[in-house]
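Student: In the working numbering, the protein residues as written are 173 to 262. All C-beta atoms, glycine included, are put in the ideal place defined by N, C-alpha and C.
(1) Can you tell me where the alpha helix (DSSP H) with residue 245 in it begins and where it stops?
(2) Mind pulling the beta strand (DSSP E) runs of 3 or more residues that sit fully within the stretch 197-230?
(3) Any idea which residues DSSP pairs residue 237 with across the strands?
(4) Taking all protein chains shown into account, do 16 or more other C-beta atoms lie within 10 angstroms of the C-beta of residue 207, making it buried, or fewer, making it exposed?
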């Protein structure tokens, strides 16, 4: 069985740490709160999305409200959408 050199392990660990440490700073600076809605079920929930290239990606979910600066503001909008019948409880 081949042995793994300590220098190789240290290099890989340092590279992984550098990549992971840059993600939270990016997400924290560009994140905004949204109400997102499942297209097929109308279930809604709040979610923090990150701006990429000037737009917010939410996968297959539809944005039903936002961007909001806080989760509390997004939750308030979620309640309004549920009372209007746009969203069902998720």
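Tutor: Well, looking at it:
(1) Residue 245 sits at position 73 when you count from the first residue of the chain shown. Residue 245 -> alpha helix (DSSP H) spans 243-256.
(2) Scanning the stretch 197-230 for uninterrupted beta strand (DSSP E) segments of 3 residues or longer gives 203-209 and 215-224, listed from N- to C-terminal end.
(3) Translated into positions along the chain shown, residue 237 becomes position 65. Here residue 237 is bridged, per DSSP, to 207.
(4) The sequence position of residue 207 within the chain shown is 35, counting from 1. Only buried fits residue 207, as 16 or more other CB atoms lie within 10 angstroms of its CB.
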